[in-house]
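Participant: Chains A and B are the protein sequences, given in the same order.
Here the first sequence is numbered in my numbering, starting from 13 and rising by one per residue.
Here the second sequence is numbered in my numbering, starting from 13 and rising by one per residue.
Where is the CB? At the ideal position from N, CA and C, for every residue including glycine.
All values derive from a computational prediction rather than experimental measurement.
Protein chains: 2
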Amino acid sequence: MDNLNEHLPFLLRRENVARYEGGAVVVCDRRKYPFERAFVRCEEVEAVARVIEDMVTQGGGPSVAAVYALAMAARQAGEAPPEELRATLRRARDRLAATRPTNTSLQRLLDRALSVADEALRAGEPAEAAILAWFESFRDRYYQRAAAMGRFGAGLIQDGDGVLTMCFAETAFLFSLSFAWRDGKRIRVYTPETRPYLQGARLTAPSVHELGIPVQVITDNMPAYLMSQGKIQKYFTAADLVTLDGHVVNKIGTFQNVLAAHHHGVPFFAFSMSPDPGKPDRASIEVEERDPAEVRTCRGQRTTLDEIDAYYPAFDITPPHLVAGVITEKGVLSPYDLAHHFGGREEGA
Amino acid sequence: MDNLNEHLPFLLRRENVARYEGGAVVVCDRRKYPFERAFVRCEEVEAVARVIEDMVTQGGGPSVAAVYALAMAARQAGEAPPEELRATLRRARDRLAATRPTNTSLQRLLDRALSVADEALRAGEPAEAAILAWFESFRDRYYQRAAAMGRFGAGLIQDGDGVLTMCFAETAFLFSLSFAWRDGKRIRVYTPETRPYLQGARLTAPSVHELGIPVQVITDNMPAYLMSQGKIQKYFTAADLVTLDGHVVNKIGTFQNVLAAHHHGVPFFAFSMSPDPGKPDRASIEVEERDPAEVRTCRGQRTTLDEIDAYYPAFDITPPHLVAGVITEKGVLSPYDLAHHFGGREEGA
Numbered sequence: 013m014d015n016l017n018e019h020l021p022f023l024l025r026r027e028n029v030a031r032y033e034g035g036a037v038v039v040c041d042r043r044k045y046p047f048e049r050a051f052v053r054c055e056e057v058e059a060v061a062r063v064i065e066d067m068v069t070q071g072g073g074p075s076v077a078a079v080y081a082l083a084m085a086a087r088q089a090g091e092a093p094p095e096e097l098r099a100t101l102r103r104a105r106d107r108l109a110a111t112r113p114t115n116t117s118l119q120r121l122l123d124r125a126l127s128v129a130d131e132a133l134r135a136g137e138p139a140e141a142a143i144l145a146w147f148e149s150f151r152d153r154y155y156q157r158a159a160a161m162g163r164f165g166a167g168l169i170q171d172g173d174g175v176l177t178m179c180f181a182e183t184a185f186l187f188s189l190s191f192a193w194r195d196g197k198r199i200r201v202y203t204p205e206t207r208p209y210l211q212g213a214r215l216t217a218p219s220v221h222e223l224g225i226p227v228q229v230i231t232d233n234m235p236a237y238l239m240s241q242g243k244i245q246k247y248f249t250a251a252d253l254v255t256l257d258g259h260v261v262n263k264i265g266t267f268q269n270v271l272a273a274h275h276h277g278v279p280f281f282a283f284s285m286s287p288d289p290g291k292p293d294r295a296s297i298e299v300e301e302r303d304p305a306e307v308r309t310c311r312g313q314r315t316t317l318d319e320i321d322a323y324y325p326a327f328d329i330t331p332p333h334l335v336a337g338v339i340t341e342k343g344v345l346s347p348y349d350l351a352h353h354f355g356g357r358e359e360g361a
Numbered sequence: 013m014d015n016l017n018e019h020l021p022f023l024l025r026r027e028n029v030a031r032y033e034g035g036a037v038v039v040c041d042r043r044k045y046p047f048e049r050a051f052v053r054c055e056e057v058e059a060v061a062r063v064i065e066d067m068v069t070q071g072g073g074p075s076v077a078a079v080y081a082l083a084m085a086a087r088q089a090g091e092a093p094p095e096e097l098r099a100t101l102r103r104a105r106d107r108l109a110a111t112r113p114t115n116t117s118l119q120r121l122l123d124r125a126l127s128v129a130d131e132a133l134r135a136g137e138p139a140e141a142a143i144l145a146w147f148e149s150f151r152d153r154y155y156q157r158a159a160a161m162g163r164f165g166a167g168l169i170q171d172g173d174g175v176l177t178m179c180f181a182e183t184a185f186l187f188s189l190s191f192a193w194r195d196g197k198r199i200r201v202y203t204p205e206t207r208p209y210l211q212g213a214r215l216t217a218p219s220v221h222e223l224g225i226p227v228q229v230i231t232d233n234m235p236a237y238l239m240s241q242g243k244i245q246k247y248f249t250a251a252d253l254v255t256l257d258g259h260v261v262n263k264i265g266t267f268q269n270v271l272a273a274h275h276h277g278v279p280f281f282a283f284s285m286s287p288d289p290g291k292p293d294r295a296s297i298e299v300e301e302r303d304p305a306e307v308r309t310c311r312g313q314r315t316t317l318d319e320i321d322a323y324y325p326a327f328d329i330t331p332p333h334l335v336a337g338v339i340t341e342k343g344v345l346s347p348y349d350l351a352h353h354f355g356g357r358e359e360g361a
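1) Quick one: does the C-beta of residue 349 of chain B sit closer than 7 Å to a heavy atom of the ligand SAM?
2) Less than 7 Å between C-beta atoms, sequence neighbours within five positions excluded: which residues of the same chain meet that for residue 325 of chain A?
3) List the residues of chain B whose Cβ lies closer than 8 Å to the Cβ of residue 71 of chain A, in chain order.
4) Going along the chain, which residues of its own chain have a beta-carbon closer than 6 Å to the beta-carbon of residue 72 of chain B, five neighbours each way excluded?
5) My parser needs the alpha helix (DSSP H) runs of 4 or more residues fully inside the region 115-166 of chain A; what are they?
6) If we cut at 8 Å on Cβ distances, does residue 19 of chain B have a partner in chain A?
7) Considering Cα atoms alone, identify which of A:284, A:231 and A:186 is closest to residue 250 of chain A.
8) So within the region 241-305 of chain B, which uninterrupted alpha helix (DSSP H) runs reach at least 4 residues, ignoring any that extend past its ends?
9) Taking Cβ-Cβ distances shorter than 9 Å, what residues in chain A pair up with residue 249 of chain B?
10) Against chain A, with Cβ distances strictly below 8 Å, would residue 232 of chain B count as a contact?
11) At the level of alpha carbons, what is the spacing between residue 313 of chain A and residue 245 of chain B?
12) Roughly how many angstroms lie between the CA atoms of residue 303 of chain A and residue 257 of chain A, to the nearest whole one?
13) With H, G and I counted as helix, E and B as strand and the rest as coil, what does DSSP make of residue 51 of chain B?
14) Which bits of chain A does residue 205 of chain B rub up against, with CB to CB less than 8 Å?
15) Run down chain A in chain order and give the residues with a C-beta less than 8 Å from the C-beta of residue 214 of chain B.
16) What's the gap between the Cα of residue 110 of chain B and the Cα of residue 60 of chain B?
17) Which same chain residues, not among the five before or five after residue 185 of chain B, have their C-beta less than 8 Å away from its C-beta?
18) If residue 238 of chain B sits next to residue 202 of chain B, beta carbons under 8 Å apart, how far is it from one beta carbon to the other, in whole angstroms?
19) Hey, could you find the ends of the alpha helix (DSSP H) residue 100 of chain B is sitting in?
20) Taking the alpha helix (DSSP H) that residue 27 of chain A falls in, what are its first and last residues?
21) Residues of chain A with CB closer than 7 Å to the CB of residue 310 of chain B, please, in chain order.
22) Is residue 237 of chain A close to chain B? Criterion is C-beta to C-beta, closer than 8 Å.
23) Roughly how far, in whole angstroms, is the beta-carbon of residue 236 of chain A from the beta-carbon of residue 271 of chain B, given that I think they are within contact range, below 8 Å?
24) Taking residue 325 of chain B as the query, report the chain A residues whose CB atoms sit under 9 Å from its CB, ordered along the chain.
25) Using only the alpha-carbon positions, how far apart do residue 214 of chain A and residue 277 of chain B sit?
26) Quick one: which residues of the region 261-294 of chain B get their C-beta closer than 7 Å to a C-beta of chain A? List them in chain order.
27) When the Cα of residue 137 of chain A is compared with those of A:342, A:232, A:90 and A:20, which residue comes out closest?
28) Identify the continuous alpha helix (DSSP H) that holds residue 82 of chain A and give its terminal residues.
29) Mind pulling the beta strand (DSSP E) runs of 3 or more residues that sit fully within the region 183-238 of chain B?
30) So, for residue 315 of chain A: in the same chain, excluding its five sequence neighbours on each side, which residues have a beta-carbon less than 7 Å away from its beta-carbon?
31) What does residue 227 of chain A reach in chain B if we use C-beta pairs closer than 9 Å?
32) Nearest to residue 294 of chain A by alpha carbon, out of A:262, A:206, A:275 and A:329?
33) Is residue 218 of chain B close to chain A, meaning its C-beta is less than 8 Å from at least one C-beta of that chain?
34) Which residue's Cα is closest to the Cα of residue 192 of chain B: B:148, B:24, B:224 and B:122?
35) Candidates B:24, B:23 and B:81: which alpha carbon is nearest residue 34 of chain B's?
36) For chain A, is any of its Cβ atoms less than 8 Å away from the one on residue 221 of chain B?
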């Protein structure tokens, strides 16, 4: 396997997502990117929870930061008796899991980290080291799985394709673009800016540009018109959650673009490391609603008067009949066949 | 007829759109609204053309500012021989018409003003006074026509409706809301912010709020999700241009919302003072593309790096099969029946 890091832009390199440094969690500040390459150092679980809530990190970042926060909690509990340490880790897990009510992969990963800690404690070994050892190996596999998904994604892209995405579709999507480009496919990427946080404009567009692939930023109201002009052939996004019956939950706007894509015959593919066996259907989805004040500003500038009401659902839901495929490490799956592949015991969440 | 002005918010009151003041054109600066209530004073045709191009005014504003600019040009030409004055007015007309390639109502109105000036010159009367007299009477009728359209719009709104709009749908839409509200219909309005200029957040939301009607600002990627939640029952916009075969050209994003509305069974209505008899079909539409740099900023703040490419089509096109009705002063018309009503000689553009 070739060196995966070389296919990734700055933001997605392993050390730049978040890292564990001398008992502290160091998190790349994605709110400031690409204008600054800044990192936030967290020395308490609460600080990590807040950087996740405040969108300092997003996408795949919160999971990494949160597991390191558990390791930090274990270290800080020091020589406490196992029962007390377990209670501390459980509280930390609950605080961290509550930062992202919609994306259940964070909760699932934290539960696995707790199991790892628990096993270590039973064996009389230090929980911090056990969490870190397990997680570094998990991260190794994460990049290998993302690369496998990236190869499936690249296989769906044809020479000359215009590729639409939304928000910041993370490692597997960037691998797809990188592999397709390396294979000589001349592609062009369109990134809606993704209000209110502008992840498309700030994270995706500079990352694609960094890979040397042509990219254009558009505003979130433009995808349908570009499709009507014949500029877009494929639509790829990440997924914050995929239910076992094939509903794709992702950043607000994903579904709206899917409706436009469906009208124009453009297929929609969602990357998912693992559909959630604990989420059977649409009714089991909790869509996070964030502070409406965030809709009234853009990079700190007011966009309307403070007294005007606003509404901010952070995610939307695309039903399975509009999903052309869910790209997992097992291949490009039908949204109607996920229970068969992921309905059993959890592995590798 | 009741006093129409009382049904209108600050931005749409006759004196606040643009006015002719001692030989100068005074234009409300909609770029600064609602944070400032500022006016720009223009003493040359070129200055008026630039405030239109720079989006100081938009929607119905450019037509008003441009006709006053013609009156100003006639005044400044003073005692010039009729042929020289005609040439001056023709040059002014061409410069002003070029500011808005998509919205042909501006061009059509300027041509009528030229005819009025021409008739005056033939009769040996001053062109400035003739243009102003004709235009004040035109504006009287404009508000009466908008009120008639507003009553048709209000008739489509039911008690309890959630109403989606896009950009700033101007006088007829605000009349619709005002009349429906006065009739006791409890409605709620949703205004997508409308990037990149934020007309929805800055102009529509404060104007609806000023009328005392509940309104929520959302980002442009949210309408489809709100529809899936059952929050929206009607979708109304203005139209920069309606072709005789029923294509609706309006601010970018209008079409994307229509596709979402169609999926959810929400009807789409466009207000149009007059479909253009000179625009038979989609092929006759010119969609203005603006400076991509405008997509890379939001109220002066950068949203991505300067070296990232961007794309800015300012309008989109909704085909007639997705238009539930075109609201004109003649009623709520089928998009397939416009040629019957507007295909003949121009009146009242």
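Facilitator: Quick look at the numbers:
1) Among the components of this structure there are no ligands whatsoever, and the ligand SAM is therefore not found.
2) If you number the first sequence from 1, residue 325 of chain A lands on position 313. The residues are 264, 299 and 301.
3) In the first sequence, residue 71 of chain A corresponds to position 59, counting from 1. Neighbourhood of residue 71 of chain A in chain B, by CB distance below 8 Å: empty, with the nearest CB roughly 17 Å away.
4) Against the second sequence, residue 72 of chain B aligns to sequence position 60. Same-chain partners within the cutoff: 182.
5) Fully enclosed alpha helix (DSSP H) runs of 4 or longer: 116-134.
6) Taking the second sequence and counting its residues from 1, one reaches residue 19 of chain B at position 7. Under the Cβ criterion of 8 Å, residue 19 of chain B is not counted among the residues facing chain A.
7) Numbered from 1 along the first sequence, position 238 holds the residue referred to as residue 250 of chain A. Distances from the alpha-carbon of residue 250 of chain A to those of A:284, A:231 and A:186 put A:284 closest.
8) Whole alpha helix (DSSP H) segments, 4+ residues: 266-275.
9) Position 237 of the second sequence holds residue 249 of chain B. Neighbours of residue 249 of chain B on chain A: none; closest Cβ ~12 Å, over 9 Å.
10) What you label residue 232 of chain B is simply residue 220 of the second sequence in a count that begins at 1. Residue contact with chain A for residue 232 of chain B: present (Cβ-Cβ distance below 8 Å to some residue of chain A).
11) Here residue 313 of chain A corresponds to residue number 301 of the first sequence, with the count starting at 1. Here residue 245 of chain B corresponds to residue number 233 of the second sequence, with the count starting at 1. Distance between residue 313 of chain A and residue 245 of chain B, taken at the CA atoms: about 32 Å.
12) By 1-based counting over the first sequence, the position of residue 303 of chain A is 291. By 1-based counting over the first sequence, the position of residue 257 of chain A is 245. Taking the Cα positions, residue 303 of chain A is about 30 Å away from residue 257 of chain A.
13) Locating residue 51 of chain B in the second sequence gives position 39, counting from the first residue. Residue state, collapsed to three classes: strand.
14) Along the second sequence, read from residue 1 onward, the residue named residue 205 of chain B stands at position 193. Within 8 Å Cβ-Cβ: 207, 307, 315 and 316.
15) In the second sequence, residue 214 of chain B corresponds to position 202, counting from 1. Neighbours of residue 214 of chain B across chain A, judged by C-beta separation under 8 Å: 315 and 316.
16) Residue 110 of chain B sits at position 98 when you count from the first residue of the second sequence. Residue 60 of chain B sits at position 48 when you count from the first residue of the second sequence. Rounded to the nearest angstrom, the two C-alpha atoms are 12 Å apart.
17) In the second sequence, residue 185 of chain B corresponds to position 173, counting from 1. Excluding positions up to five away in sequence, the list reads 162, 165, 177, 248, 249, 250 and 283.
18) Position 226 of the second sequence holds residue 238 of chain B. Position 190 of the second sequence holds residue 202 of chain B. Between residue 202 of chain B and residue 238 of chain B the Cβ distance is about 6 Å, and since that is below 8 Å, they are a contact.
19) If you number the second sequence from 1, residue 100 of chain B lands on position 88. Under the DSSP assignment, residue 100 of chain B falls in the alpha helix (DSSP H) whose first and last residues are 94-109.
20) Walking along the first sequence from the start, residue 27 of chain A turns up at place 15. It spans 26-29 - the alpha helix (DSSP H) in which residue 27 of chain A sits, taken as one unbroken run.
21) In the second sequence, the residue the question calls residue 310 of chain B occupies position 298. Within chain A, the residues near residue 310 of chain B are 310, 311 and 313.
22) Position 225 of the first sequence, counted from the start, is the residue given in the question as residue 237 of chain A. Yes, residue 237 of chain A counts as interfacial toward chain B.
23) Within the first sequence, residue 236 of chain A is the residue found at index 224, counting from 1. Within the second sequence, residue 271 of chain B is the residue found at index 259, counting from 1. Between residue 271 of chain B and residue 236 of chain A the Cβ distance is about 6 Å, and since that is below 8 Å, they are a contact.
24) Sequence index remark: in the second sequence, residue 325 of chain B carries index 313 (1-based). The contacting residues are 230, 234, 237, 238 and 241.
25) Position 202 of the first sequence holds residue 214 of chain A. Position 265 of the second sequence holds residue 277 of chain B. Each residue's Cα considered, the two are about 35 Å apart.
26) Taking a C-beta cut-off of 7 Å against chain A, the contacting residues of the region 261-294 of chain B are 264, 265, 267, 268, 271, 272 and 275, listed in chain order.
27) As a working mapping, residue 137 of chain A is identified with position 125 in the first sequence. That would be A:90, whose Cα lies nearest to the Cα of residue 137 of chain A.
28) Reading the first sequence from its first residue, position 70 is the one you call residue 82 of chain A. Annotation: the continuous alpha helix (DSSP H) that includes residue 82 of chain A extends over 73-89.
29) Runs of the beta strand (DSSP E) inside the region 183-238 of chain B: 200-204 and 227-230.
30) The residue you call residue 315 of chain A lines up with position 303 of the first sequence. Shown here for residue 315 of chain A: same chain residues with a beta carbon closer than 7 Å to its own, the five before and five after excluded, namely 308 and 309 in chain order.
31) Taking the first sequence and counting its residues from 1, the one referred to as residue 227 of chain A is at position 215. What residue 227 of chain A touches in chain B: 320 and 321.
32) Position 282 of the first sequence, counted from the start, is the residue given in the question as residue 294 of chain A. If we check each option's Cα against that of residue 294 of chain A, A:329 comes out closest.
33) The sequence position of residue 218 of chain B within the second sequence is 206, counting from 1. Yes, because at least one Cβ of chain A sits closer than 8 Å to the Cβ of residue 218 of chain B.
34) For the purposes of this step, residue 192 of chain B is taken as residue 180 along the second sequence, with counting starting at 1. Taking only the C-alpha atoms, the option nearest residue 192 of chain B is B:224.
35) Looking up residue 34 of chain B in the second sequence gives position 22. Minimum Cα distance to residue 34 of chain B is reached at B:81.
36) Residue numbering aside, residue 221 of chain B sits at position 209 when the second sequence is read from its first letter. For residue 221 of chain B, at least one C-beta of chain A is nearer than 8 Å to its own C-beta.
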